[in-house]
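Undergrad: Chains H and R are the protein sequences, given in the same order. Read left to right, the first sequence gives residues 1 to 218 (our numbering). Read left to right, the second sequence gives residues 1001 to 1618 (our numbering). Here a beta-carbon is modelled for each residue, glycine too, at the ideal position from N, C-alpha and C. Here you go, one structure.
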Amino acid sequence: MSEMETILEALKEAIINGKRKDAVELTKKALDSGIKPADIVSNYMIPALDVVGKRFETKKIFVPEMMISARAMQACLDLIKPLLAKDEAIKMGTVVIGTVFGDLHDIGKNLVVMMLESAGFDVVNIGENVPPERFVEEARKHNADIVGLSSLLTTGDPYVKATIEAVKNSDIAGKVKVICGGAAVTPKFVYTYGADAYAPDAASAVTKVKELLRIGIN
Amino acid sequence: MRYTVIFQPSGKKAYTDGQHSILQISQEAGVPIESLCGGKGICGKCRVVVENGNEKLPPPTEREIKTLGELINRGYRLACETIPACNIILRVPEESRIDRQVILTTAKCVSAKLDPVIKNIYIEVPQPTLDNPMADSERLLTALKGDHGFHNILIDSMVIRKLPHIIREYNGRVTVTIWDNREILDIASGINDNLYGIAFDIGTTTIVAYLMDLLKGKELSVKAAMNPQVAYGDNVVSRISYCAENPDGLEKLRSALLRCMNTLIEEVCEDAGIKPKQVLESTVVGNTVMHHIFLGLDPQYIALAPYCPVIQSPMQIKARDVYLEISPSAYVHILPVKAGFVGGDTVGVIIATEPHRRDHITLVIDLGTNGEIVLGNRNRLLCCSTAAGPAFEGGHIKWGMRATSGAVESVRVDPETLNVELKTIDNRPPLGICGSGLISAVSELKRADVIMKKGNFNPEISSPRLREGQDGPEFVLAWAKETGIRSDLVITQQDVAELQLAKAAIHAGITILMRRMGLTSIDRILLAGAFGTYINPEDACVIGLIPDCLSANIESVGNAAGAGSCLALLNKNKWKEAERIAQKMDYVELSADPEFNELFVEGMFFKSRHTQVSTPEE
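Listed below in structure tokens is the structure:
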């Protein structure tokens, strides 16, 4: 293994283990020695997050560890992003995501943002307490492929419904898929209202979005 | 069609039309069954065993299969998911029953001058004559004005009804009870030297009533009960949902609460040998949602951003208007709330612990499903509320339970042998683990290096106690033969994760308040709540719940909210103080703070001591 490969493998390990300081240092080293930023992201960082996601799905790790890893990944991405040339950017798809009207919770949604960004998606985080029409406007504006909505309060159920309906009754209905998640959302409930997917957690959100966009499916 | 449902072991019988879940039937029948999620099929706490009629029930739902696993073969079902349309006999297993809680009722009160809002005044009312046939009520008021200088006094209508008899009993010698120098609430013939009041603390889980002698300033009786609304959901948000989703939801929750409060009134009065009608004043503190439900106010807007309560100011309401069965003429004083998730209980905690009267900095943490945090001194007070989740109260924990008989409350782990010593409430064989037990266990496992910095179990440890379970890695606290549950009592990796999320929320809340105040150290830390009474401060430090702990003086203050309610009953100036505090204190909305996420992730680590605030990096 070359010295460079050792550094990159160590970077991957650092992200998996959530060691932010180490991950940032290793990213700097890799960039200094001239490795293409896009290569670092797609060959080491995204696979690292895939490992984290798998471990989460198989109950090897739980939310705290996943968040710790995602935070390390985010710190590295912050370094790399400005360096990515336009044509180098990985085009996976655009996700517009927010917490439904009446709800200010952001932790779970932001974790999904981190995981999706880490997986290479363009993510537009439109924040919390978002009225249904704004989901539609922002999705149109950013030419989104996916609208993601989060609801943590059972009292937000009417707004989950209203948001799904707003998207499905709009001009972008055929183009945009809707995915829902959050403590207050159950799969049955969402499918009844016509959402395209439900994700119980941040790791499966990435899998589901990929499925919706038929990425990695032959 | 009508079917019979029998609940064992109580033998209570109920009827159903085949349209309702077992949980709904049990609530109507007054059979308390645990339900943390409010009947949404999520928490798996409402498990019941079908003893007869299982074959006629609809097959288990997907959620039941997921939550119950192999227990289904042993007749287990989730009460909230199963809708019986047949005659059945059920057993409510011990872990699903709601029991009375062990609650610390002696609150550490700061001393206060005895100056209640009601007073007894003895007067001699002149007899009417043919020359001056002034009506009873006017003669009474004239005498009060002449002897005591009271002007513009009102008389409660109920008092006027008994006035003619009492005023004639001893030739016009009467004792009146006057509220706030404004209104006569009661009248007795001759000299009456009784004056009683009841202070309430309405918690999401627990309700406490304190009967006080307002002449002597003495606590006569204290009784506590489980909040019966627990049957409708374990936390304030599920209670709000219940109100929002059911047309008569608010009324059901309100009347359940009132039944419980009125039973407590009877109990404390019986204990002290007085009649409930002799109680002429009451104070109430409660979190904003309990406050709203008590007053019959719709709480649903509290759950929606920007989390606005219906009313913030203190209120004085006649007992009869809120159906509190003390003297119908009595006033109930409701302490002010600060915000949607910082209620009168927090205001009560402040008047009892008085951080606003000191120069040095106090941090008060009122731990529960919502952790309210207050920080500051006489110059400034900040408060916030963090959704810590139910982990501190045993919720979302595999073998979690409330602090009732049989709950593990503290744990010792030998770092060499990993042998475990458990202490349970009432020294019974362990049935589950309550919040302080969980903190104690995690703290000990951290000390024994079984739990690592990120919260994961140490993969290098080889012990039969550390094993791969159905839900990931788990640590065995007690083997099945040592427990009262016929199953190994374990702490799972998921349980540790729940505690990490809870303590991270508190940690982030404390850190944000400290940064807003520009502080790096704290002089005094107070842990309040029934939880704060049982928790070992050192364990709280080890898991990183409390920042910079060794430099500060940490105290458990017990049920400070209840103490605040008592103080407001004993001294009317405390009302004014409570009102000023609620107005002056600054509320910090954590979900709007840009630093919260980062601090939240940081708070999930288990760090060494002294480093909680000063070094934010891993």
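1) From which residue to which residue does the beta strand (DSSP E) around A1528(R) run?
2) Closer than 9 angstroms between beta carbons: that is the criterion. Which residues of the segment 53-71 of chain H meet it against chain R?
3) What does a CB cutoff of less than 6 angstroms around H1610(R) pick up in its chain, not counting 5 residues either side in sequence?
4) Given a cut-off of 8 angstroms, decide if A1225(R) and C1269(R) are closer than it, judged by their beta-carbon atoms.
5) Leaving out five residues on either side along the sequence, give the residues of the same chain with a beta carbon under 7 angstroms from the beta carbon of E1251(R).
6) Determine the closest residue to T219(H) out of G148(H), D103(H), V123(H) and N169(H), with distance taken between C-alpha atoms.
7) Please look up how many angstroms separate the CB atoms of L1513(R) and I1373(R), rounded, as I've assumed it's under 8 angstroms.
8) Between A1508(R), E1498(R) and A1305(R), which has its C-alpha nearest V1237(R)'s C-alpha?
9) For N1227(R), is the classification buried or exposed, using 16 other Cβ atoms within 10 angstroms of its Cβ as the cut-off for buried?
10) Would you list, in sequence order, the uninterrupted beta strand (DSSP E) runs of no fewer than 3 residues that lie entirely inside the segment 140-211 of chain H?
11) By the 10 Å Cβ neighbour count, where 16 or more other Cβ atoms means buried, how is G174(H) classified, buried or exposed?
12) CB-CB under 8 angstroms to M1001(R), same chain, minus the five flanking residues each way: which ones, in chain order?
13) Run down chain H in chain order and give the residues with a C-beta less than 9 angstroms from the C-beta of S1241(R).
14) If you count every other CB in all the chains shown that lies within 10 Å of the CB of C1308(R), and 16 or more means buried, which is it?
15) Once DSSP output is grouped into helix, strand and coil, what is the label at M1226(R)?
16) With a CB to CB cut of under 8 angstroms and the five nearest residues on each side skipped, what residues in its chain are close to F62(H)?
17) For P1473(R), which beta-bridge partners are listed by DSSP?
18) Between L31(H) and chain R, is any beta-carbon pair separated by less than 8 angstroms?
19) Taking its Cβ as the centre, do 16 or more other Cβ atoms sit within 10 Å of M4(H), making it buried, or is it exposed?
20) List the endpoints of the continuous beta strand (DSSP E) containing Y1210(R).
21) Please determine if the segment 1471-1487 of chain R and the segment 1571-1578 of chain R are in contact, where contact requires at least 3 C-beta pairs separated by less than 8 angstroms.
22) Can you check the segment 1249-1279 of chain R for any alpha helix (DSSP H) of at least 4 residues that lies completely inside it and give the ranges in chain order?
23) Cβ of G18(H) less than 8 angstroms from any chain R Cβ?
24) Nearest chain R C-beta to I107(H) closer than 8 angstroms, yes or no?
25) Quick one: what does DSSP say C1541(R) is sitting in, helix, strand or coil?
26) By DSSP, does S1487(R) sit in helix, in strand, or in coil?
27) Would you kindly report the start and end of the unbroken alpha helix (DSSP H) that includes H1148(R)?
28) Could you please give me the residues that DSSP links to S1385(R) through a beta bridge?
29) At 8 angstroms on the CB atoms, spell out the chain H contacts of L1501(R), in chain order.
30) Return the CA-CA distance between M1290(R) and P1299(R), expressed in angstroms with no decimal places.
31) Beta carbon of V185(H), beta carbon of F135(H): below 8 angstroms?
32) Would N1370(R) be called buried (16 or more neighbouring beta carbons within 10 Å of its own) or exposed?
33) By the 8 angstroms beta-carbon criterion, what residues does the segment 1442-1471 of chain R contribute toward chain H?
34) If you draw a straight line from the C-alpha of P131(H) to the C-alpha of Q1027(R), how long is it?
35) Quick one: Cα of L1195(R) to Cα of V1031(R), how far?
36) Give me the chain H residues within the contact set of V1289(R), using Cβ-Cβ distance strictly less than 7 angstroms, ordered along the chain.
TA: Checking against the coordinates, here is how it stands:
1) R1524 to A1528
2) T58, K59, K60, I61, F62, V63, P64, E65, M67, I68, A70 and R71
3) Summary for H1610(R): the model assigns pLDDT 40, below 50, so the residue's position carries little reliability; its value from the coordinates is reported in the next sentence. Result list for H1610(R): empty, nothing under 6 angstroms.
4) no
5) The answer is none, since no qualifying residue turns up.
6) No information on residue 219(H) is available, as it lies outside the stretch 1 to 218 that chain H covers here.
7) About 6 angstroms; that satisfies the 8 angstroms criterion.
8) A1305(R)
9) It is buried - the Cβ of N1227(R) has at least 16 other Cβ atoms within 10 Å.
10) 146-150 and 177-181
11) exposed
12) So the list reads D1017, G1018 and A1085, once near-sequence residues are dropped.
13) L153, T154, T155, D157 and A184
14) exposed
15) Reduced to three states, the DSSP call for M1226(R) is strand.
16) F56
17) E1468(R)
18) no
19) exposed
20) It spans T1206 to D1213 - the beta strand (DSSP E) in which Y1210(R) sits, taken as one unbroken run.
21) no
22) 1249-1272
23) At least one CB atom of chain R sits nearer than 8 angstroms to the CB of G18(H).
24) yes
25) helix
26) Correct three-state label for S1487(R): coil.
27) D1136 to H1148
28) E1372(R)
29) Chain-order list of chain H residues neighbouring L1501(R): V63 and P64, by C-beta distance under 8 angstroms.
30) 9 angstroms
31) no
32) buried
33) K1454, G1455, N1456 and D1471
34) 36 angstroms
35) Going from the Cα of L1195(R) to the Cα of V1031(R) covers about 37 angstroms.
36) The contacting residues do not exist; V1289(R) stays about 12 angstroms from chain H at best.
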